[in-house]
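Structure, as structure tokens:
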Amino acid sequence: MVRRRAWTAVVAGGAALLVPRGQDDSDNPSVRAQERMAVLPRWFGDERLAAVRAARAVSCVLSIVVENAVMRNSENRAAMFQRQGQRTYRVLEKNGGVYTKTGQMLSQMDHLLPVEYCRELRPLFNECKSRDWHDVKRLLESELLTDEAPFCSLNDIFETVETQPVASASLASVYRAKLTASVLARTCTDAHEAVGTSLYVAIKVQHPELAFHAPMDILVVKYLLRIGGQLFETVSKLSWLAEELEQNLPKELDFSVEAQNLQRCAQNIASSHSAIVRRNTMTPQAFPELSSKRVLTMSFESGVLMSDRAAIEKLGLAPADVSRVLAEFFSDQIFERGFVHCDPHSANVLVRVRDETKHSKEPMLVILDHGLYRQLSDEMRLDYARLWRAILMRDEVEIYRLMRKFHIEDEESAQLFFSMLTFRSWSEVEQHKRVGFPAGLMSADRQQTDSERVKQFAAQNADRINDLLGRVPRDVLFLLKMHDCLRAVDRQLGAPYCSLLTAARFSLGALARNEAEMDTSPALSWSFLDARAWSAHVFTRVRYATYECVLALIQLITRVIG
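Following UniProt numbering, the numbering of the sequence shown begins with 1 at its first residue and continues without gaps.
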């Protein structure tokens, strides 16, 4: 115990030396000395401080390094990975903030890390500490009661504020509040209409300490991930995660970015080609006048969690319909917009009845947490759609050509990637090639659940999957993980083919619209085209429409018999 405390103290001291100087430091040596002396108590006087958290993290990593070296040839490595996951969970949960966010990301990497390790980290999604209300109130006052603001106190803005958060995550907590009538009168018409007759809003407040600790925490986590990548072959596949963390976390900590993403998402929903997306999905409405980089005020939206199947059924909704709406929303983002929500797990989607007055109930999905989006290039978006089209049409030459653009050179790896994307074996789909339409996507043995297929596939191809994922572009890796998340929701809600078929249908629609946009003047261009080229163009458009109809019919049959 003494040696452990001594080591922690040494690491804490070393971590303190990593504190970067502010960019606006004075050139006066005495001023710099006073600033450094003022910072020291904040670093060493409290366990919440970044140096102590860094020491915990380094100690945890070192213990895992030693244990892996000692038990390299052990037959009970599953139990070892479970212990390491529990140890990591305790450290990340205690450190909070950036560390908790990192743990949440790692828990979703079970295709790269041991399943036992990832499983122990998953409670980090649900067990985030709430902050003392007095600290939260001070932050609200500093952010909303600026010199330019027309308010003198929080009472001028909020009639009531519930001091216990309705939700708490790694980077922020959400509080329910009631706006004063005067503030509601000041807000824009759109916001007023979004709130309706209710004056309740959700206030998303960044954890107060993050502004000071986040830069150091990101630095520590980045170097620990890089060190882990040097020591372990498996973790080396996660070297990109350190860069993603460094690039994306500052965006998530700036709530003005989230407000912009939220507004853009709402605009995309309103202009979607899908009637289901326009009618059955929505986002909260932001209040720009009551928001800042560390505070985001939105309309308060009610609903049950998408993961709660029993609650969905209690509302009188069919879980398969909920799964279908979610698949439509994300397929529209991927194939039509290229502007994709990065965190589609079930805690970020609320479900409620769209119109209580109707006899036949439809789901309304409220999409939450717009802090991080990924913008796909048009080339990536269309190539990904072309890959799905090639899969549907069993065009092996086109499949291999597109795979090479994704840095997948050999046929064996291409067939493996195909299986990772569709969870159908290459040989299984080949058996249905003669059918002429995408029956292969429905060819799974219904006696064997998708969950079992996933486990068997991952276990049999773990090393090859790790190698392949280390080669593909990050956008492709992101899209694979997106489909994994959507398939998990499908399984939870009892619609195992929904996201797969919807993705196939949207890929055809996106390509058809892209080709139509390129052919901007058909009346002029036809005079320069021979009859053969024109007929081929018409045949392609008819084939797209036919495939879309077949896929829609398959989805309808699946809902009826499922």
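We treat Cβ as the ideally placed atom computed from N, Cα and C, and that holds for glycine. None of the values given here were measured: they were computed from a predicted structure.
Within the region 372-426, the runs of beta strand (DSSP E) at least 3 residues long that lie entirely inside it are, in chain order, 373-375. Around the Cβ of L501, a 10 Å sphere holds 16 or more other Cβ atoms; the residue is buried. When secondary structure is reduced to three states using DSSP, Q206 falls in the strand class.
For K222, same chain residues with a beta-carbon under 7 Å away, outside a window of 5 residues either side, are A242, L245, E246 in chain order. The Cβ-Cβ distance between V205 and S173 falls below 7 Å. In this structure, V98 lies away from D254, with their beta-carbon atoms at least 7 Å apart.
R386 is classed as buried because its beta carbon has at least 16 other beta carbons within 10 Å across all chains shown. Residue state for P363 is assigned as strand, using DSSP reduced to three classes.
Annotation: the region 42-107 contains the following complete segments of the alpha helix (DSSP H) (minimum length 4 residues), in chain order: 50-70, 77-95, 98-107.
Three or more Cβ pairs closer than 8 Å define a contact, and the region 118-132 meets that threshold against the region 89-97. Looking only at A54, R87, E75, A79, the smallest Cα-Cα distance to S63 is reached by R87.
The continuous beta strand (DSSP E) containing R352 extends over residues 349-353. Looking at F417, K178, P250, the one whose alpha-carbon comes closest to that of A211 is P250. Here T546 carries a helix assignment [DSSP, helix/strand/coil]. Annotation: E301 is outside any alpha helix (DSSP H) and is labelled neither H nor E by DSSP. The three-state secondary structure of H341, taken from DSSP, is strand. Here the C-alpha atom of P344 lies approximately 13 Å from the C-alpha atom of L480. Residue burial annotation: K101 is buried, with at least 16 other C-beta atoms found within 10 angstroms of its C-beta. Beta-carbon to beta-carbon, R389 and L296 are separated by about 39 Å, too far to satisfy the 8 Å threshold. Here F329 has V277, T281 as same chain residues with Cβ atoms under 6 Å from its own Cβ, once five neighbours each way along the sequence are excluded. Check the Cα spacing between R487 and each of L511, A57, L421: the tightest is with L421. Within the same chain, P114, E116, Y117 come within 7 Å of F81 by CB-CB distance, once the 5 residues on both sides are set aside. In this structure, the straight-line span from the alpha carbon of L224 to that of N76 is close to 26 Å. Here the alpha carbon of V52 sits roughly 12 Å from the alpha carbon of C60. Within the same chain, R176, Y200, V201, A202 come within 7 Å of F300 by CB-CB distance, once the 5 residues on both sides are set aside. In this structure G303 touches V351 by the C-beta definition: roughly 5 Å separates them, less than 8 Å. In the DSSP assignment, A242 is bridged to no other residue. Shortest Cα-Cα distance from M105 to any of L154, F478, D147 involves F478.
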